[in-house]
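In the working numbering, the protein residues as written are 453 to 803. Idealized CB from N, CA, C, for every residue including glycine. Read through the structure below, which is laid out as structure tokens, and then see the notes.
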């Protein structure tokens with residue numbers, strides 16, 4: 453057993469005997485809020501992850517070795533511990549005063565009720581006024597979109613003089629655009645010389661996205677929307693399941709067939725002469741979409757911001773795959789919630 457796994461097991465036994473207060477995200481997990489102190493509810497997931505850790509200890513050890521900085525290694529340790537013992541026994545570093553202040557600040561940015569009739573898992577949308585990158589943005593969404601995109605700046609990595617994010621003039625692929633908040637943020641950053649290619653497959657999300665572009669016409673000119681699903685092949689027939697931000701695709705039939713494409717095919721068909729930044733948050737389809745982007749990644753060596761939390765294996769399979777391309781990517785991990793969601797792998801080829 454490696455020293456890394458030994459350290460995880462030692463920390464497991466230390467933390468299992470502690471109790472953490474104020475460590476539950478009531479906004480995110482509303483249906484479990486009344487019972488979140490009942491350990492029995494979570495035992496199956498915790499025991500599953502303990503077995504999962506031992507079954508994949510070589511992969512976790514390898515990931516730990518290739519991460520580029522100590523903060524990323526610490527995040528890996530912290531996220532594993534959180535999955536092993538849960539919110540009752542381990543508190544992530546994100547659970548701090550600034551985190552809660554920013555969440556409250558996002559709530560206070562409401563301008564009015566939304567003119568859309570969309571209502572989902574987090575209730576009805578509201579209209580927000582946001583200042584970002586010297587732009588005034590009007591956007592209909594949930595307060596969480598405002599907090600994570602514009603205040604926490606998820607997908608904008610900056611640590612120890614390393615920055616991995618869109619920059620002025622960049623050509624950006626935004627996979628999993630939801631209501632358009634990330635696309636609009638990216639468009640603000642890249643300026644008039646850049647371009648954002650956004651992908652969103654959920655019909656209600658797309659309607660809100662298009663409405664938000666009408667509210668931000670100067671930024672809309674920089675954004676191209678596609679309702680194709682990104683995967684490893686344009687010949688795959690997939691179907692939409694669920695609705696809202698958590699909607700996902702699979703080959704199991706449903707009433708909504710989804711056309712597929714690849715990033716490599718997009719670049720070829722649109723004659724795109726560069727790709728500078730790729731962001732993916734596509735509900736577990738990230739690895740497949742990366743396989744469909746290998747030629748683009750090899751040719752342009754874009755900065756990457758890839759979600760690695762939807763499937764258990766994502767946390768090591770995605771970084772190990774990118775590392776296996778042998779292009780010279782430096783890999784970093786950052787995390788944006790007080791629970792197990794919103795872990796992002798950042799990658800950049802250092803010149």
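For residue i: DSSP bridge partner residues
i	result
residue 762	Residue 762 pairs with nothing; no bridge assigned.
residue 537	DSSP, once it has assigned bridges, lists no residue as partnering residue 537.
residue 593	578
residue 588	583
residue 722	Answer is none; residue 722 lacks a bridge partner.
residue 688	According to DSSP, which records beta bridges pairwise, residue 688 is partnered with nothing at all.
residue 755	729
residue 800	782
residue 682	713
residue 572	575
residue 626	650, 731
residue 550	For residue 550, which the question treats as bridged, DSSP gives no partner whatsoever.
residue 795	787
residue 615	610
residue 676	649
residue 454	Answer is none; residue 454 lacks a bridge partner.
residue 564	579
residue 519	783
Burial state of residue i, where buried means 16 or more other Cβ atoms lie within 10 Å
i	result
residue 575	exposed
residue 483	exposed
residue 470	exposed
residue 606	buried
residue 555	buried
residue 722	exposed
residue 541	buried
residue 453	exposed
residue 761	buried
residue 505	buried
residue 462	exposed
residue 623	buried
residue 645	exposed
residue 720	exposed
residue 549	exposed
residue 420	Only positions 453 to 803 of the chain appear in this structure, which leaves residue 420 out of reach.
residue 566	buried
residue 673	exposed
residue 666	exposed
residue 654	buried
CB contact flag (residue i, residue j, <7 Å)
i	j	result
residue 756	residue 730	yes
residue 678	residue 651	yes
residue 681	residue 710	yes
residue 648	residue 675	yes
residue 533	residue 525	no
residue 716	residue 747	yes
residue 671	residue 639	yes
residue 618	residue 641	yes
residue 551	residue 475	no
residue 788	residue 494	no
residue 797	residue 734	no
residue 741	residue 774	no
residue 643	residue 683	no
residue 515	residue 530	no
residue 790	residue 546	yes
Beta-carbon proximity list for residue i, same chain, < 8 Å, skipping 5 on both sides
i	result
residue 688	703, 712
residue 611	521, 523, 784, 786
residue 750	777, 779
residue 487	493
Cutoff 7 Å; reference residue i; Cβ partners in own chain excluding five residues on either side
i	result
residue 535	501, 792
residue 763	736
residue 753	779, 801
residue 593	577, 580, 631, 633
residue 686	712, 713, 714, 717
residue 467	533, 537, 541, 542
residue 663	568, 592
residue 732	627, 628, 738, 741, 758, 759
residue 705	691
residue 668	589, 590, 636
residue 528	515, 516, 519, 785
residue 621	642, 643, 645, 646
Contact set for residue i: own chain, Cβ-Cβ below 6 Å, skip 5 residues either direction
i	result
residue 464	536
residue 509	457
residue 570	577, 656, 660
residue 781	774, 799, 801
residue 511	768
residue 513	454, 456
residue 614	none
residue 587	640
residue 473	none
CB contact check: residue i to chain D, cutoff 7 Å
i	result
residue 456	Checking the listed chains, one finds no chain D in this structure; it contains a single protein chain.
Segment contact, 8 Å Cβ cut-off, at least three pairs: the segment 589-599 with the segment 763-779: The answer is no - the segment 763-779 does not touch the segment 589-599, with fewer than three Cβ pairs under 8 Å.
Sufficient close CB pairs (3 or more, under 8 Å) joining the segment 572-590 to the segment 556-564: Enough Cβ pairs lie closer than 8 Å, so yes.
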